[in-house]
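Q: If you read the sequence shown in our numbering, its first letter stands for residue 118, the second for the next number, and so on.
Even for Gly, the Cβ is constructed at its ideal location relative to N, Cα and C.
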Amino acid sequence: MPFLEPKPEALRPARRTEVPAPDRVPDRQAAGTPEPLRSELSALLGADKVLTKISDLVRYASDASPYRFVPQVVVVAEDIDDISAVLSYAHGRSREVVFRAAGTSLNGQAQGEDILVDVRKHWAGIEVIGDGGQARIGPGTTILRANATLARHGRVLGPDPASAIACTIGGVVANNASGMTAGTTRNSYRTVASLTFVLPTGTVVDTADPDADALLAHAEPALCEGLLAIKREIEADRELTARIRAKYEIKNTNGYRLDAFLDGTTPVEILRGLMVGSEGTFGFISEVVFDTLPLDRQVTTALLFFPSLPAAAAAVPLFNEAGALAVELMDGNTLRASTSVAGVPADWARLPKATAALLVEFRAPDEANQEAYEAAAAKVIEGLELVAPVASVTNAFTRDPKTIGSYWKARKAFVTAVGGSRPSGTTLITEDFAVPPSRLADACEALLELQTRHGFDAAVAGHAAHGNLHFLLAFDAALPADVERYAAFMDDFCRLTVERFDGSLKAEHATGRNIAPFLELEWGEKATELMWRTKQVIDPDGVLAPRIVLDRDPKAHLRGLKTIPKVELIADPCIECGFCEPTCPSEDLTTTPRQRIVLRREMMRQASGSPVEDGLVEAYGYDAVDTCAGDSTCKLACPVGIDTGALMKDFRHARHSPREEKVAAFTARNFKAVEASARLAVGAADKISDRLLTSVTRAARKAVRPDLVPEWLPGIPGAAARKLPRTRRAGASAVYYPACVNRIFGSPGDRSLPEAVVAVSARAGRPVWIPDDVAGTCCATIWHSKGYDEGNTVMANRIVEAAWGWTAGGRLPLVVDASSCTLGIAHEVVPYLTDDNRKLHRELTVVDSLVWAADELLPHLTVHRTIGSAVLHPTCSMSHLGDEAQLRTVAEACADEVVVPDDAGCCAFAGDRGMLHKELTESATHKEAAEVTARTYDAHLSANRMCEVGMDHATGRTYYSVLLELERATRPA
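1. Apart from the five residues on each side of it in sequence, which residues of its chain come closer than 6 Å, Cβ to Cβ, to threonine 547?
2. To the nearest angstrom, how far is the alpha carbon of alanine 785 from that of histidine 571?
3. Report the option in Val405, Glu792, Thr979, Glu386 whose CA atom is closest to the CA atom of proline 256.
4. Which value, in whole angstroms, describes the spacing of the CA atoms of leucine 638 and valine 615?
5. Enumerate, from N- to C-terminal direction, the unbroken alpha helix (DSSP H) stretches of 4 or more residues contained entirely within the stretch 679-710.
6. Need the endpoints of the alpha helix (DSSP H) that glutamate 907 sits in, please.
7. Return the CA-CA distance between cysteine 751 and threonine 709, expressed in angstroms with no decimal places.
8. Does DSSP put isoleucine 171 in a helix, a strand or coil?
9. Quickly, what does DSSP pair isoleucine 402 with across the bridge? List them, please.
10. In the DSSP assignment, find the unbroken alpha helix (DSSP H) run with leucine 753 in it and report its ends.
11. Looking only at its own chain, which residues have a Cβ that is under 7 Å from the Cβ of alanine 837, when we skip the five neighbours before and after it?
12. When the Cα atoms are used, what is the spatial distance from threonine 1038 to histidine 583?
13. Considering only DSSP beta bridges, list what glycine 296 is partnered with.
14. CB arginine 692 to CB leucine 545, shorter than 8 Å?
15. In whole angstroms, what separates the C-alpha of serine 541 from that of arginine 717?
16. Applying the criterion that 16 or more other CB atoms from any shown protein chain within 10 Å of the CB defines a buried residue, is tyrosine 1077 buried or exposed?
17. Extract the residue ranges of the alpha helix (DSSP H) inside the stretch 184-270, only unbroken runs of 4 or more that lie entirely within it.
18. Please list the terminal residues of the continuous alpha helix (DSSP H) segment that includes leucine 647.
19. Within 10 angstroms of its Cβ, does glutamate 396 collect 16 or more other Cβ (buried), or is it exposed?
20. Would you tell me roughly how many angstroms separate the C-alpha atoms of glutamate 918 and arginine 955, rounded to the nearest one?
21. Isoleucine 361 lies in the alpha helix (DSSP H); which residues open and close that run?
22. When burial is assigned at 16 or more other CB atoms within 10 Å of the CB, is lysine 652 buried or exposed?
23. What residues are listed by DSSP as bridge partners for alanine 430?
24. Does arginine 145 come out as helix, strand or coil in the three-state DSSP assignment?
25. Are there 16 or more other CB atoms within 10 angstroms of the CB of proline 1089, so buried, or fewer, so exposed?
26. On the three-state DSSP scale, how would you describe leucine 764?
27. So, for proline 871: in the same chain, excluding its five sequence neighbours on each side, which residues have a beta-carbon less than 6 Å away from its beta-carbon?
28. Can you tell me where the beta strand (DSSP E) with arginine 528 in it begins and where it stops?
29. Would you kindly report the start and end of the unbroken alpha helix (DSSP H) that includes leucine 629?
30. Specify the secondary structure class of arginine 868 as computed by DSSP and reduced to three states.
31. Would you decide whether arginine 362 is buried or exposed? Buried here means 16 or more other CB atoms lie within 10 Å of its CB.
32. Does the distance from the CB of methionine 765 to the CB of valine 742 come in under 8 Å?
33. Are the CB atoms of proline 634 and alanine 673 within a distance shorter than 8 Å?
34. Would you identify the three-state DSSP class for proline 831, choosing helix, strand or coil?
35. Which residues in the same chain as valine 191 place their Cβ atom closer than 7 Å to its Cβ, once the five residues preceding and following it in sequence are excluded?
36. Once DSSP output is grouped into helix, strand and coil, what is the label at glycine 579?
Below is the structure:
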């Protein structure tokens, strides 16, 4: 047993409800995937592609919807061969298959009760075709990632859902998601040029292939004839044809796209249309070619406030006529809830309940068109009765990107921010419907009345320009009376939408489990039966995603509703939206922030000591706690700021034994000796083989604990100089604090980082002073990241007291040369300070060296030489500090070409975590590394030594601080 074995029982929930939840995973599933399913799929695909632990099944059981279904097994498919093999297996054994990518669907489309196939991990990628007019994109690529590449070509995708940060192309096409500006003309149905997909039989169809119809007719003759027969039947019915065309004049994703039979002339053309919005029930979309749209960069936006929701809705047609690309509606509940989002004015919390707002945006290709739009908008505003209930409201159009960004951040956080503010323990339902835009004001009034009648204080927002509204309801799925109240509301809401407004019950979120029982209410018996026939023609054995679009059970939408047990306070607001997942370094290795919370909730549902809880607790240590990088980028992506990284650090602390805490505190108190010893050890390592050092550290990890002792990695930097550069306090413009990592590890090149910072600062006429007693101090991140509270407290207070003295009571700025250390001293130490030291801390000005260089030095420097190209690695700490722009500014002074990889993200080296769990850094960096190594650069730059080491190992290239390059660029000849 390791000397410092963690306490696994510390991860077992200490409090829970007295009665286990009705939807808890039953004990019979504690062993995970049953036999022979487990062994048969492992033999077919390879064990590494088949996830069978109960913790794996539970973490895949939830998506952004109010539903929860636990799969029997999860397959992580790598290619079309895997997909075909799974489908063939399912056919032969009468099993069911559901595909899951991002899991951001709001109606349970990404959940299955049998074989669930993960089609995100291995399915990302984008290829720009020609000048950017088209793009070939993998289904696991997020909208945000695809648009990042297209932006360099002045292009953008048509669909723009609010979940663009996380939702993937496959899901967007499969649900025909649209978003803020897509409407009925820029959505997937209108902008997909071609698809490659796998039918339930395993037949692969590429609709761009000139021979596609001939190949399909040979492989699937019955399917082809069946589709053409339905086409002939629809076209022979003039009334039905007219009804289908009318239904798609407004946004509609409820049911299958019957207009595909009218728009397509051949089976392949019909299938291309049917696959869009089919919700994974017709096949797997393996590749999409989009027709892209111009990225109009001249933007003018306003957030206009009205006294009521109907008053705001009445103004929508006026802005449509003026040429607005987006007109977004937000009610008072939405506006007030969005104050939880960083950047949203705090005084919105005081807005009257009846207040509503329109977010109106015009986009133009040039200045002349922008001015014309602004003139038209000004005329519209003249006739409106706007209100300004709080001081931050301006009711004015602006071109300022920062202001516009804050407006959109508030709007896009509708589901998550409002959901995050719901009562604890309640389930969130997101509804999405459309009415003719001319009826929007009436629909708003009717919706408000209906919500009041059923006792819901719901939030409303939507794409008002297209008559598309969203609203949220919260209820307790564990209470039968609450479920009945929700059911009664849904019955009335669906009848209201269809019978009074002839609207769409799903405008852009697709049918899903929530609306499937109401499909016939909207479409009528004849059209609905044609949808059933279409499913029978394409998937006669019912292998793919049963009950997600078509379900004859009138209460199907009440089946599988998930309870939301209370968990740790920091994570309790989570609505499981998945926005955090693409930023998470462990996403492709173990678990994501959402899954870490999902697993905690299942523990809470269980009876104490149940077999399921035992299995979850056993896996949680490594899968959730140990492999969390602790970078907290999840907090930046989460609209309500949930910091799952902080929660994992709390769990690390809880697992520590008293002995372990004492050892950590001892190192903090004696850090001067520890620092000197570490520098000597690194220096000595230069004389010992990497193989021997790796063997020794691996043995020590087994003896002590793998999460405490780093493993030696080949190529670790050599030791830093024992002495720091000599500087003078007199005349210094700032105090320079070389981080301990830069006092222990050396830098590549002819000058150390401290020498470079001192030299370039003096060169700019802004000399810095390094205190004589920096040795033995640290930003405290070493202890903070591992959850050592006592050691963290010791060092946090020591560094603040020292900085106070060095800076003469805060009169000089403190310049820190590692971004993670800047973040630590500026923000992360605060909770661990004494009351007196918090007062001292408030007087300090902590400046990252990037900001110092960009803002204080560059204006006074002369660049004598530049390099041809540089690729940058922005660190996660820079994201927290908002310093990425300064990294680029400094790099652009040194290099003719500067590139930030589209897949840049946290490297997960996280101090020494990349040496504790090197598989974490390897997984976190593989996409960025592939991008970096695809071409040659003259320099690889960052501004944090351990992140540079992590990227060295990921790419085989040498990363170093951008300040070293700045010193070289400005060094006199």
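A: Well, looking at it:
1. The beta carbon of threonine 547 is closer than 6 Å to those of Leu223, Val532, Leu589 in its chain, skipping five residues each way along the sequence.
2. Straight across, the Cα-Cα distance linking alanine 785 with histidine 571 is about 59 Å.
3. Ranking the options by Cα distance to proline 256, first place goes to Val405.
4. Roughly 7 Å between the two C-alpha positions.
5. Whole alpha helix (DSSP H) segments, 4+ residues: zero.
6. From DSSP, the alpha helix (DSSP H) with glutamate 907 extends over 906-923.
7. So the two alpha carbons sit approximately 9 Å from each other.
8. In the structure shown, isoleucine 171 falls within a helical segment according to DSSP collapsed to helix, strand and coil.
9. Phe314.
10. Segment 750-754, the alpha helix (DSSP H) holding leucine 753.
11. These residues qualify, in order along the chain: Arg796, Asn859, Arg860, Ile861, Phe862, Gly863, Ser869.
12. Answer to the nearest angstrom: the Cα atoms are 45 Å apart.
13. Residue pairing from DSSP places glycine 296 in a beta bridge opposite Asp277.
14. Note on identity: in this sequence residue 692 is isoleucine, with arginine being the wrong assignment. Cβ atoms of isoleucine 692 and leucine 545: closer than 8 Å.
15. Going by the C-alpha atoms only, they are around 15 Å apart.
16. Buried is the call here.
17. List check, alpha helix (DSSP H) in window: 197-210, 260-268.
18. Following the DSSP letters along the chain, one finds leucine 647 inside the alpha helix (DSSP H) bounded by residues 636-655.
19. Taking every protein chain shown into account, the CB of glutamate 396 has 16 or more other CB atoms within 10 angstroms, so this residue is buried.
20. In a straight line, the C-alpha of glutamate 918 is about 10 Å away from that of arginine 955.
21. Boundaries of the alpha helix (DSSP H) around isoleucine 361: 355-364.
22. With 16 or more other Cβ atoms within 10 Å, it is buried.
23. DSSP, once it has assigned bridges, lists no residue as partnering alanine 430.
24. Note: arginine 145 maps to helix in three-state DSSP.
25. Exposed, since its Cβ has fewer than 16 Cβ neighbours within 10 Å.
26. In this structure, leucine 764 counts as helix in the three-state DSSP scheme.
27. Same-chain partners within the cutoff: Leu841, Pro842, Pro855.
28. Segment 518-529 is the alpha helix (DSSP H) holding arginine 528; no beta strand (DSSP E) there.
29. The question names leucine, yet the displayed sequence has glycine at residue 629. Here the alpha helix (DSSP H) through glycine 629 covers 629-632.
30. Coil.
31. Per the 10 Å Cβ criterion, exposed.
32. Against a cut-off of 8 Å, the Cβ pair of valine 742 and methionine 765 comes out as a contact.
33. Against a cut-off of 8 Å, the Cβ pair of proline 634 and alanine 673 comes out as a contact.
34. Proline 831: coil per DSSP, three-state reduction.
35. Leu168, Asp173, Leu174, Tyr177, Leu233, Asp235.
36. Reduced to three states, the DSSP call for glycine 579 is strand.
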